[in-house]
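Taking the numbering used here, I'd label the letters of the sequence shown as residues 1 to 712.
Take a look at the structure set out below.
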Amino acid sequence: MIPDNKHTGGPLFEALLYICEFHHYAVSPASLLSGLPLADNMLSPAVFHRAADRAKLASKILQRPLKQLNTALFPAILTLHDNKACIIHSIDHAQQQVSISYPELPASVITLPLAELDALYAGSVFYVRPKTDAADKINHFKLPAHLHWFWGVIKQNRSLYRDVLLAAIMINLFALAMPMFVMNVYDRVVPNLATHTLWILASGISLVLVADLVLKLLRHHFVDLAASKTDVMLSSAIMDKVLSMKLKYRPQSTGSFASIVQSFEFVRSFIGSLTIVALADFPFVLLYCVVIGMISLPLLAPILVGAFISLIYAYFAQRKLKFLSDESAKSVAERNATLIEALGSLETTKSNNVNADIQHSWEQLSLSCAHHSAKMRSVSASVSNVSAFIQQLAGVAVIIIGVYLLIDGNLTQGSLIAVYLLSSRALAPVSQATGLLAQFHYASSAYKQLDVLMAYPSEQNATRQTIDKPLLQGKIEFKNVSFSYQDSDVPSLQNVSFVIEPGEHVAILGRNGSGKSTLEKLILGLHDAEQGQVLIDGIDIRQLDINQVRNNIGYVPQDISLFRGTLRYNIELAAPPKSAEHFLNICNISGLNQLLSQHPAGFEMQVGEKGQNLSGGQKQIVSIARALYNDPPILLLDEPTAALDYSSEEAFRKQLGEFAESKTLLLITHRSPLLSLANRIIVMDNGKIIADGPKDTVMEALRQGRIMGNNA
């Protein structure tokens, strides 16, 4: 039986569950917390909004004194000292009293003096309300911008980008001050020897320069703040998608998949300070052109021609850059796939002497990456250099035309210098923008790959309401289930039907590839049946919260994966803490106590990456202990003793028989001793059930050869 998980998540989480119940929202506690970065197994204020959003609740945290709380938004959640919380129901300012309840017993409302609560209050209030129908309709029409994994995050930080834009407007307006200062000095101060005017102008330009400096520092701060917040939110969204996406959409190559995720670095660098500044400054090219035209229209011509030539050259260059960036991304993905594959199979590589083949593939792919990168740098450098050359040439043209206008008396000396300064300022954003083309195409290619990844459906459908069933009885039923793996022409399961009652022990036999392991993966919800239904306790598994289902299942897979960390961590993982007595009992059942007694670090021994510090048998024992640790009502064991010696297998068989007496057990095995744990046998071949019945009857039929097409 699974212990009650209600109080995991901490006071804030318990308070959130009460708010959900208050608004008649049926939620699964496991689904609200699944995948969230908990601090000491507790929901923190920083991620509270993410849990509330999963419950379809709008939330906002504010720093407010008790006297300024908005009673229209009650009940609300207050943070208290010592990491505690309470739910506030009402405030009576006349009587100086408040009605609150604590998350441990939310239905019990107590009345306290306002001063007493004020002494406990930590200063933060969480307003939590249902999302209105109107808001849902607005979000429906604004789905691409508001809920998009990238643009939605940018929109959430729009206030910071607004501040950057305001700072850019002021900085670019201040940029007009220096040319105007120079023009007035040459045209008014110098001819009239007006030193008093000079000092007034100097005082004014000094104030402008100081303000310009302050604004640039503030702009840099806001840009960095926006970039860092966006970076964290996007990284979190990408990792959440990677962990929650359905396995059928997982790319075949782990290296290529990792390369797609790592390509976010290009997106992150592109939305950094240089890009934001360039984009903010670019519209002000028109402002500088207007000012230049007001001073002297003929002097505007070389600037417009220079900007036009720069943009035309950049347009043709970007077509080449786009092709090269796409090819470079493919080469990098293939090289990463080769690297990860080689690192994951070093023993096989060395023992089969295939180092030369892998080295050759690596060098060829590295050469391709270097070739494409060199071409991109060359094209990008040409764009930057041509833009700089045109900017200088436009400055020379301004001086030449200005001199003729000066000779004809149509321009003053100060105006010529001012226009020259403004011409550099006008063409600078154009040069800067064209110089970012290569970076843009890297980021654009990465964005497209990530956009495809983020579009894959997740296991948890946010729009579908699931049934809250934290404790399962253990009944499993397949109704005409068929399933095929992606890119496979051969079905793994074909019209499979059976019923396993709670507490029944069933062994599944069959040759390799007959569909035995696929059955267990469908029960775990790792894949969805293409046809038919998988029912747990009489409910379609698609209606249940998949995290709750998995909390009720202990699973030992064929391919055992351990995580870098301690032995204790690999056994407990995400399960709620248990007593030391329970932990030792699990170690005794699985046979792990022998390993613990031999190592000085005991529970704290490091297993290494992927469990490389353990033998195959030891890793299997850890996997068994992990499956039993949560005391689940359903056990799915896929060749649980394949790597164990005879004595370890026999000891485990005896212990498991007593532990699993009242549990539903599905046992896949080719080892005859383990069949003593089963009272029923299902035989599979080519994805079909060819025999199903009491153990003795099926075994006798197998011995007599009356069941064909298997080697069980």
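The C-beta atom is built at its ideal place from N, Cα and C for all residues, glycine as well.
> Taking just the CA atoms, how far does residue 543 sit from residue 15?
Replying inline: 26 Å
> Are the beta-carbon atoms belonging to residue 439 and residue 615 less than 8 Å from one another?
Replying inline: no
>> What would DSSP say about residue 696, mapped onto helix, strand or coil?
In response: If DSSP states are grouped into helix, strand and coil, residue 696 belongs with the helices.
> Would you call the CB atoms of residue 653 and residue 673 closer than 8 Å?
Replying inline: yes
> So, do the segment 558 to 574 and the segment 601 to 608 have three or more beta carbon pairs nearer to each other than 8 Å?
Replying inline: yes
> So, helix, strand or coil for residue 59, using DSSP?
Replying inline: strand
> On the three-state DSSP scale, how would you describe residue 489?
Replying inline: coil
> Taking the alpha carbon of residue 122 as the point to measure from, which residue in 328, 100, 64 has its own alpha carbon closest?
Replying inline: Ranking the options by Cα distance to residue 122, first place goes to 64.
> Straight-line CA distance for residue 388 to residue 431?
Replying inline: 6 Å
> Run through DSSP, which three-state label would residue 131 get?
Replying inline: coil
> Over what stretch of residues does the alpha helix (DSSP H) that includes residue 382 continue unbroken?
Replying inline: The continuous alpha helix (DSSP H) containing residue 382 extends over residues 355 to 407.
> Can you give the Cα-Cα distance for residue 337 and residue 326, rounded to whole angstroms?
Replying inline: Answer to the nearest angstrom: the Cα atoms are 17 Å apart.
>> Check for me: the beta strand (DSSP E) holding residue 245 runs from which residue to which?
In response: Run containing residue 245: none; DSSP gives neither H nor E here.
> Does the count of Cβ pairs from the segment 221 to 229 and the segment 178 to 195 closer than 8 Å reach three?
Replying inline: Judged by Cβ distances under 8 Å, the segment 221 to 229 makes no contact with the segment 178 to 195, as fewer than three pairs qualify.
> How far does the alpha helix (DSSP H) with residue 80 in it reach, from first residue to last?
Replying inline: Unbroken run through residue 80 is the beta strand (DSSP E), 76 to 80; no alpha helix (DSSP H).
> Where does residue 505 sit, in a helix, a strand or coil, going by DSSP?
Replying inline: If DSSP states are grouped into helix, strand and coil, residue 505 belongs with the strands.
> For residue 545 versus residue 434, is the C-beta spacing smaller than 8 Å?
Replying inline: no
> Among the residues of its own chain, which have a CB less than 6 Å from the CB of residue 136, if the five just before and after it don't count?
Replying inline: The pLDDT assigned to residue 136 is 41, lower than 50, so where the model puts this residue is not dependable, and the model offers no usable value.
> Which residues in the same chain as residue 143 place their Cβ atom closer than 6 Å to its Cβ, once the five residues preceding and following it in sequence are excluded?
Replying inline: A caution first: residue 143 carries a pLDDT of 36, below 50, which makes its placement in the model too unreliable to give a value.
>> Please state the DSSP three-state secondary structure of residue 352.
In response: coil
>> Let's test the definition: count the other Cβ atoms within 10 Å of the Cβ of residue 316 and tell me whether it reaches 16, buried, or not, exposed.
In response: exposed
>> So the candidates are 206, 157, 71, 211; which of them puts its Cα closest to the Cα of residue 172?
In response: 211
> Start and end of the alpha helix (DSSP H) containing residue 684?
Replying inline: Note, residue 684: premise wrong, no alpha helix (DSSP H); beta strand (DSSP E) at 680 to 685.
> How far does the beta strand (DSSP E) with residue 412 in it reach, from first residue to last?
Replying inline: Counting along the chain, residue 412 falls outside any beta strand (DSSP E), and DSSP gives it neither H nor E.
> Is residue 588 helix, strand or coil when you go by DSSP?
Replying inline: helix
>> Using only the alpha-carbon positions, how far apart do residue 663 and residue 490 sit?
In response: 33 Å
>> Could you tell me the alpha carbon to alpha carbon distance between residue 497 and residue 517, rounded to whole angstroms?
In response: 16 Å
> Using DSSP with H/G/I as helix, E/B as strand and the rest coil, what is residue 608?
Replying inline: Judged by DSSP in its simplified three-state form, residue 608 adopts coil rather than helix or strand.
> When burial is assigned at 16 or more other CB atoms within 10 Å of the CB, is residue 54 buried or exposed?
Replying inline: Buried, by the Cβ-count rule.
> Considering residue 555, what are the terminal residues of the beta strand (DSSP E) in which it resides?
Replying inline: 553 to 556
> On the three-state DSSP scale, how would you describe residue 663?
Replying inline: Taken through DSSP and simplified to helix, strand or coil, residue 663 comes out as coil.
> Residues bridged to residue 733 by DSSP?
Replying inline: With the chain covering 1 to 712 only, the question about residue 733 has no answer from this structure.
> Looking at C-beta atoms only, is the number of pairs between the segment 400 to 407 and the segment 294 to 308 that lie closer than 8 Å three or more?
Replying inline: Touching, yes.
> Around the C-beta of residue 141, are 16 or more other C-beta atoms found within 10 angstroms, so that it is buried, or is it exposed?
Replying inline: Residue placement at residue 141 is poorly supported in this model, since its pLDDT is 33, which falls under 50; the coordinates still yield a value, given next. Per the 10 Å Cβ criterion, exposed.
> In the DSSP assignment, what are the bridge partners of residue 673?
Replying inline: Answer is none; residue 673 lacks a bridge partner.
>> Taking 8 Å as the threshold (C-beta atoms), are residue 427 and residue 391 in contact?
In response: Yes, these two residues count as a Cβ contact at 8 Å.
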